[in-house]
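So the protein lines, in turn, are chains A and B.
Residues 1 to 390 in full-length UniProt numbering are what the first sequence spells out, letter by letter.
Residues 1 to 390 in full-length UniProt numbering are what the second sequence spells out, letter by letter.
C-beta atoms are modelled at their ideal positions from N, C-alpha and C, and glycine is treated no differently.
Bear in mind that the values here come from a model prediction, so they are computed numbers and not experimental data.
Worksheet: the structure to be examined is printed underneath.
There are 2 protein chains.
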Amino acid sequence: MNANVTPFACGDAVCAQNRIETFIRSTVFDRPTLVLDRDMVAQQYRALKAGLGRADIHYAVKANPARDVLEVLVSEGSHFDAASRGEIALCLSLGAHPDCISFGNTVKRASDIAFAHQAGITLFAVDAEEELEKIAEHATGAQVYIRLLVGATGADWPLSRKFGCTPEMAEGLMARALELGLTPVGLSFHVGSQTRQAEMWRDTLDQVAAVWTQARAKGYPLSLINIGGGFPAFYGEAIEPATIYAARVMEMVEARFDGAERVMAEPGRGMVAEAGMIAAEVMLVSKKSEDDLHRWVYLDIGKFSGLAETMDEAIRYQFATERDHEDHGPCILAGPSCDSADVLYENRPVMLPVGLRAGDKVIIRSCGAYTSSYSSVGFNGFPPLDVVVI
Amino acid sequence: MNANVTPFACGDAVCAQNRIETFIRSTVFDRPTLVLDRDMVAQQYRALKAGLGRADIHYAVKANPARDVLEVLVSEGSHFDAASRGEIALCLSLGAHPDCISFGNTVKRASDIAFAHQAGITLFAVDAEEELEKIAEHATGAQVYIRLLVGATGADWPLSRKFGCTPEMAEGLMARALELGLTPVGLSFHVGSQTRQAEMWRDTLDQVAAVWTQARAKGYPLSLINIGGGFPAFYGEAIEPATIYAARVMEMVEARFDGAERVMAEPGRGMVAEAGMIAAEVMLVSKKSEDDLHRWVYLDIGKFSGLAETMDEAIRYQFATERDHEDHGPCILAGPSCDSADVLYENRPVMLPVGLRAGDKVIIRSCGAYTSSYSSVGFNGFPPLDVVVI
Numbered sequence: 001m002n003a004n005v006t007p008f009a010c011g012d013a014v015c016a017q018n019r020i021e022t023f024i025r026s027t028v029f030d031r032p033t034l035v036l037d038r039d040m041v042a043q044q045y046r047a048l049k050a051g052l053g054r055a056d057i058h059y060a061v062k063a064n065p066a067r068d069v070l071e072v073l074v075s076e077g078s079h080f081d082a083a084s085r086g087e088i089a090l091c092l093s094l095g096a097h098p099d100c101i102s103f104g105n106t107v108k109r110a111s112d113i114a115f116a117h118q119a120g121i122t123l124f125a126v127d128a129e130e131e132l133e134k135i136a137e138h139a140t141g142a143q144v145y146i147r148l149l150v151g152a153t154g155a156d157w158p159l160s161r162k163f164g165c166t167p168e169m170a171e172g173l174m175a176r177a178l179e180l181g182l183t184p185v186g187l188s189f190h191v192g193s194q195t196r197q198a199e200m201w202r203d204t205l206d207q208v209a210a211v212w213t214q215a216r217a218k219g220y221p222l223s224l225i226n227i228g229g230g231f232p233a234f235y236g237e238a239i240e241p242a243t244i245y246a247a248r249v250m251e252m253v254e255a256r257f258d259g260a261e262r263v264m265a266e267p268g269r270g271m272v273a274e275a276g277m278i279a280a281e282v283m284l285v286s287k288k289s290e291d292d293l294h295r296w297v298y299l300d301i302g303k304f305s306g307l308a309e310t311m312d313e314a315i316r317y318q319f320a321t322e323r324d325h326e327d328h329g330p331c332i333l334a335g336p337s338c339d340s341a342d343v344l345y346e347n348r349p350v351m352l353p354v355g356l357r358a359g360d361k362v363i364i365r366s367c368g369a370y371t372s373s374y375s376s377v378g379f380n381g382f383p384p385l386d387v388v389v390i
Numbered sequence: 001m002n003a004n005v006t007p008f009a010c011g012d013a014v015c016a017q018n019r020i021e022t023f024i025r026s027t028v029f030d031r032p033t034l035v036l037d038r039d040m041v042a043q044q045y046r047a048l049k050a051g052l053g054r055a056d057i058h059y060a061v062k063a064n065p066a067r068d069v070l071e072v073l074v075s076e077g078s079h080f081d082a083a084s085r086g087e088i089a090l091c092l093s094l095g096a097h098p099d100c101i102s103f104g105n106t107v108k109r110a111s112d113i114a115f116a117h118q119a120g121i122t123l124f125a126v127d128a129e130e131e132l133e134k135i136a137e138h139a140t141g142a143q144v145y146i147r148l149l150v151g152a153t154g155a156d157w158p159l160s161r162k163f164g165c166t167p168e169m170a171e172g173l174m175a176r177a178l179e180l181g182l183t184p185v186g187l188s189f190h191v192g193s194q195t196r197q198a199e200m201w202r203d204t205l206d207q208v209a210a211v212w213t214q215a216r217a218k219g220y221p222l223s224l225i226n227i228g229g230g231f232p233a234f235y236g237e238a239i240e241p242a243t244i245y246a247a248r249v250m251e252m253v254e255a256r257f258d259g260a261e262r263v264m265a266e267p268g269r270g271m272v273a274e275a276g277m278i279a280a281e282v283m284l285v286s287k288k289s290e291d292d293l294h295r296w297v298y299l300d301i302g303k304f305s306g307l308a309e310t311m312d313e314a315i316r317y318q319f320a321t322e323r324d325h326e327d328h329g330p331c332i333l334a335g336p337s338c339d340s341a342d343v344l345y346e347n348r349p350v351m352l353p354v355g356l357r358a359g360d361k362v363i364i365r366s367c368g369a370y371t372s373s374y375s376s377v378g379f380n381g382f383p384p385l386d387v388v389v390i
């Protein structure tokens, strides 16, 4: 193991991270492979739960639907947030109880709502009248929570306007839900993925609490607040330890949501990102011209084979190599496909060892979330990202 | 069939396009499905070949690696441009001769070069010294063509700086190839995907011809010019008919590349895009607030399930519905996943019927290229894009 590799800054995780790195360094891979550590998933569940206290953790399955990850979380007592019929079926097949699964996508196929209802799922997300009508028809009497569209926060992967309705519309949807025989039990929102500091939640919580308080004052019997995801992973910039972060968020929640008998949280990235690293390989190092300031480094993994979150250079992964003791220089990093859009970092180049060459192994850290499931089925004839669990 | 659906503007293709539309309108799909027409692939091959004349067409397999597409092209006599070992193996398994396959990715794994060499492939793309060294080691005596980095053109999907070396470096690579026992046979370049008018090739051809002429004057025995792809498909903006477009490009090529015994062209999009349409479905229509100017329309297919080329709204697909006789209004179009980046068109909204609602079928035209192979393995629990061939 290379002594110059910077250990992870997040305390308890250092030893476990090194377990994955040690495995990758001592193993030969014939294609890009995500290595996941089951123990780290369990540890992170416990760390988040310790801070979230009475809140139910509904793991966002979309972050990493690997069977091993879900099995660990079922055994830890986690609940689940499912985005589709496929995810619901997967959770049920691994022993999750239907009472512990929420159908959290606000955009659902009618037949999938019916499937969920028949499977015993009773809690659905909604942000539009047409969705309420579909739920009323296919999941009679279900509980719904209204997803709110909240103002921008400081998240590294801020959310678009895609999900949620404005606070002004929320009460109208509650009234319509009642007319349709549904039970509007609460509100949900999302602060934005990778919200690095708990303090960044404050403004959003204030906005949501105002809607909550007003709706309850008007007689809507809200009892559930779903605080969504946003729990961060370590990508090189300091984050608060998971338990402290979660506890601070919960403290702000408890101070604002009177009558919230039930609190839900939906960590995805914050649960599994640090539990995985990708074993990759350098395919080529080149310069475009003799006087080029930057080298181009091409890896065997790119935007279409697992690293989709490099879109707009939003998520900046960390890299380790066997040459980390050498001098470093700026590189433009690209994937292996013939697609010109398959460039990972160009606006902000990455510092990599000057001696890097084709065939060198590269470890990409904190890759446990939003990688394997984003991988394309076979773009350019490359197989999907492989997954190994240790 | 709805009489108000605008027929395709590209002449002969209208009837065949209608064959796919008719099939989609009369079929029930339980998930998003790409419907491909074998006959249209054959027709387009013949149309391009009629214009390209003596040039060898190396179909860019990455555009659509469906077995049916490759089988049709093998039987038509097409050659193939492969991006990976996987694509080479696929072409060989369907009867393509190794002499007709070029390994066109400038970024190749060493073991894949060895595989190609053993399979009898003799022609490789290169744009860097380290790549030449890999080829010399694993494919002794191979022919190589040097990919040039050319200036920006007017393409709808312009290429980044990812591929190619500057003209100044090209001769150095030819000299290095000779030192390594390789044969530098020619040059390649790419005008940019979806270059709508043949005339847009002129400047690029001038740039490349200058390198060609100078290298030959210095004694490099160049005999192959690979003009790459860029051949357009119809996405709503006028394009020249394929034969006329190809003939105009070839005319410009013939006027510039003295001694080019061999000309290669690599259409991908231009070969298969119009031969496929996607059958999709509306999942939800909503407004974010009472006074929202735009409706949000959510489809069952998005950026991560086949429509990756909507990235930055670059490729603008055309849509047909059963309500095309109704008034239309602006919509923001989004995919079904819980990913906030899964929005297809927002900056330039799409005009869709005002009565559109959940459950309505939507036909997305010219989807035969760069869709199915981009689809994720199962992001959010949604299965990959299905493919049906008629």
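- The C-beta of Pro221/B has fewer than 16 other C-beta atoms within 10 Å across all chains shown, which makes the residue exposed.
- Secondary-structure assignment with DSSP links Gln143/B through a beta bridge to Leu123/B and Thr183/B.
- Here DSSP, grouped into helix, strand and coil, assigns Glu326/A to coil.
- For Ala136/B, the closest alpha carbon among the candidates Leu180/B, Ala209/B, Ser102/B and Gly77/B is that of Leu180/B.
- Ser223/B and Met252/B have their alpha carbons spaced roughly 17 Å apart.
- Using a C-beta cut-off of 8 Å, the stretch 248 to 262 of chain B makes no contact with the stretch 333 to 352 of chain B, since fewer than three inter-stretch Cβ pairs fall below that distance.
- The beta-carbon separation of Lys361/A and Glu322/A, rounded to 6 Å, stays under the 8 Å limit for a contact.
- At a beta-carbon threshold of 7 Å, the residues of chain A lying near Tyr374/B are Phe304, Ser376 and Phe379, ordered along the chain.
- Two segments are said to touch when three or more pairs of C-beta atoms, one from each, lie closer than 8 Å; by this definition the stretch 367 to 376 of chain A does not touch the stretch 38 to 56 of chain B.
- Cβ neighbours of Leu356/A within its own chain (closer than 7 Å, five residues either side excluded): Val282, Val285, Val297, Thr321 and Arg323.
- Here Cys367/B carries a coil assignment [DSSP, helix/strand/coil].
- Per DSSP, Ser337/B has no beta bridge partner at all.
- Think of a sphere of 8 Å around the beta carbon of Leu52/A: no beta carbon from chain B falls inside it, the nearest being about 21 Å out.
- Taking a C-beta distance under 7 Å as the contact criterion, Ile332/A and His294/A qualify as a contact pair.
- Remark: C-beta atoms of Gly164/B and Arg176/B do not approach each other more closely than 7 Å.
- Just so you know, the alpha carbons of Val191/B and Glu130/A end up roughly 46 Å apart.
- Along the stretch 126 to 147 of chain A, the positions whose C-beta sits under 9 Å from a C-beta of chain B are Asp127, Ala128, Glu129, Glu130, Glu131, Glu133 and Lys134, read in chain order.
- Restricting attention to Pro167/B, Arg54/B, Ala83/B and Asn64/B, the CA atom closest to the CA of Arg269/B is found in Asn64/B.
- Residue burial is scored here from C-beta neighbours: Glu309/A has at least 16 other C-beta atoms within 10 angstroms and is therefore classed as buried.
- Under the 10 Å beta carbon count, Leu52/A is surrounded by 16 or more other beta carbons and is classified as buried.
- Around Ala116/B, the same chain offers Ile88 and Phe103 as residues with beta carbons nearer than 6 Å, after the five sequence neighbours per side are excluded.
- The beta carbons of Thr204/B and Val144/B sit about 21 Å from each other, so the pair does not count as a contact at 8 Å.
- Closest in alpha carbon position to Glu76/B, among Ala66/B, Ala96/B and Ala83/B, is Ala96/B.
- Chain-order list of chain A residues neighbouring Tyr298/B: Val107, by C-beta distance under 7 Å.
- Judged by DSSP secondary structure, Ser286/B falls within the beta strand (DSSP E) whose first and last residues are Gly276 to Ser286.
- For Ser188/A, the beta-bridge partners assigned by DSSP are Arg147/A and Asn226/A.
- From the listed residues Asp30/A, Lys303/A, Ala242/A and Asp291/A, the smallest Cα separation to Ala198/A is found for Ala242/A.
- Here Thr195/A is buried: its Cβ has 16 or more other Cβ atoms, across all protein chains shown, within 10 Å.
- Per DSSP, the continuous alpha helix (DSSP H) segment holding Asp112/A begins and ends at Ala110 to Gln118.
- Per the Cβ contact rule, the stretch 27 to 34 of chain B is not in contact with the stretch 223 to 236 of chain B (fewer than 3 Cβ pairs under 8 Å).
- The C-beta separation of Ala55/B from Met250/B comes to about 6 Å, placing the pair in contact by the 8 Å criterion.
- Judged by DSSP secondary structure, Glu131/B falls within the alpha helix (DSSP H) whose first and last residues are Glu129 to His138.
- According to DSSP, residue pairing for Phe231/B in a beta bridge does not occur.
- Straight through space, the alpha carbons of Ala215/A and Glu171/A are spaced by roughly 7 Å.
- Under the three-state reduction of DSSP output, Asn380/A falls in the helix class.
- Ranked by Cα distance from His328/B, the options Asp300/B, Pro336/B and Met351/B are led by Met351/B.
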